[in-house]
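To start, the structure under review is shown below, and the notes come after it.
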Amino acid sequence: MKRFAVVAVLALSFAFPVPSLAQITVNPGTRVMQFGSEAGGAPGRAVRRVGTRDLDAMSVTVVNRDPSFYLQATNRRAYGPFPYKGGSELDFGSVSYVVVDATDSSFSLKHGRKGTTEGPFEFKEKAEVKLGNVTFALRKAPAMIVGRLDCASLQPRRAKIALVALDERALLAVSHLKVAFLTARQRYHMAIQPVELNAPTIRGPTGYNYDPYVNRSDRDKERSLWTAQQRAKKSFLTFMQQYRLKSIDCTTPDNFRFEKLPAGKYLVLCTGDVKAGEGRKATKEPLFWLGYVELGAEASVRLGFTGDNGYGWLDLFGD
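So that you can map any letter, position 265 of the sequence shown is 265 in my numbering, and since no number is skipped, the others follow by simple counting.
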């Protein structure tokens, strides 16, 4: 039995040669927990303040709509809204009219069945519009923002859409929101970097090289990613909550609108989780939408939030 053990040891020695001390070099480690470059911004770097031009460049497409109006009868019943443009139809149930000869200041109405024309009428607030024996008061529709949320991968299907009046205080808060996103991005990139330990570097024959670096596991990287995403999302939701003028719960796909707005600058904001990946590796990640609107008096605009025009947390406020 002893002879067999000696033979086995000798066989292993020849199969796996142990390097001699002359073949090994050792470089003592000198640093502890040193990370790689901090992607997302150098420490102490000044962050450029967000301006309206930046928001306009980040915004989804905003389309101006034709102004609209109501016709209010003497019994206070209002008909409309009707788009103020040539060819628009005014349906009163038993009778209809079509807008003709529309200018910035006046228009006429053509009877849908008879073909006769009434007017011209002034296009101004409370102007008198007489159709047959009925007299109406024209009421211009107040400024509004209308839109549509249509993102098939949104989970859950319901999301909150907030309207923010963009004064100087809110604009400064957008800059603070940018800092929060950049900080989350920087912490994430630092968290997934290899760690250099206070251990020696050993160089020997192939198969005997040892570096004092510890790579993050895939699980650690996934956890760091989830943490960073949640930090960014929480900052976004906090901003929406603190600075919202109005908010609407919207189920995708569905329309939303904000009415009776004074002229000014606005942000329309939304965030929700969307499916990322396929199969067993499928996860959720937050998507962010931003619409920048410069709204004139009695103006109306339309925008849309889809799965294609939202921002990931790494892309929003990207510098």
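For glycine and all other residues, C-beta sits at the position ideal for the given N, C-alpha and C.
Could you check how far apart the C-beta atoms of Leu131 and Tyr97 are, in whole angstroms? I think they sit under 8 Å.
-> 7 Å
Does the region 53 to 65 come within contact of the region 292 to 309, defined as at least 3 CB pairs closer than 8 Å?
-> yes
Check the C-beta distance from Leu163 over to Ser247 and give it rounded, since I have them as a contact under 8 Å.
-> 7 Å
Is DSSP giving Lys126 helix, strand or coil here?
-> coil
Please determine, among Thr306, Gly264, Arg139 and Ile161, the residue with the shortest C-alpha to C-alpha distance to Asp249.
-> Ile161
Could you name the residues of the same chain whose beta carbon sits closer than 7 Å to that of Phe14, not counting the 5 residues immediately before and after it, in chain order?
-> A caution first: Phe14 carries a pLDDT of 37, below 50, which makes its placement in the model unreliable, though a value can still be read off. Around Phe14: no qualifying Cβ.
Taking the continuous beta strand (DSSP E) assigned at Trp289, which residues delimit it?
-> Thr283 to Leu295
Would you decide whether Lys126 is buried or exposed? Buried here means 16 or more other CB atoms lie within 10 Å of its CB.
-> exposed
In chain order, what residues of the same chain lie with their CB nearer than 8 Å to the CB of Lys85, ignoring the 5 residues before and after it?
-> Asp66, Val99 and Ala102
Taking C-alpha atoms, which residue in Asn255, Thr283 and Gln242 lies nearest to Arg158?
-> Asn255
Length of the line joining the Cα atoms of Arg48 and Phe317 = 10 Å
Through-space distance from Asp315 to Thr52, alpha-carbon basis | Cα to Cα, Thr52 sits roughly 18 Å from Asp315.
Name the DSSP bridge partner or partners of Tyr84?
-> Partner(s): none; Tyr84 has no beta bridge.
Identified DSSP bridge partners for Met144 | Ser300
Start-to-end residues for the alpha helix (DSSP H) that takes in Gln229 | Asp218 to Tyr243 is the span of the alpha helix (DSSP H), which, as asked, contains Gln229.
So what's Ser105 in DSSP terms, helix, strand or just coil?
-> coil
Counting Cβ pairs closer than 8 Å, one from the region 129 to 143 and one from the region 216 to 233, do we hit at least three?
-> no
When the Cα atoms are used, what is the spatial distance from Gln186 to Lys265?
-> 31 Å
For Ala39, does the three-state DSSP call read helix, strand or coil?
-> Only weak support is given to the placement of Ala39: the predicted model assigns it a pLDDT of 41, under 50, and the question is left unresolved by the model.
Burial state of Pro156, where buried means 16 or more other Cβ atoms lie within 10 Å = exposed
Name the residue from Leu287, Leu269, Arg223 and Pro81 whose alpha carbon lies nearest to the alpha carbon of Ser300.
-> Pro81
DSSP-derived helix/strand/coil call for Phe181 = helix
Roughly how many angstroms separate the alpha carbons of Phe181 and Leu245, rounded to a whole number?
-> In this structure, the alpha-carbon of Phe181 lies about 23 Å from that of Leu245.
Measure the alpha-carbon distance for Ala184 versus Arg302 and round it to whole angstroms.
-> 32 Å
Would you tell me roughly how many angstroms separate the C-alpha atoms of Thr238 and Ser224, rounded to the nearest one?
-> Rounded to whole angstroms, the gap between the alpha carbons of Thr238 and Ser224 is 21 Å.
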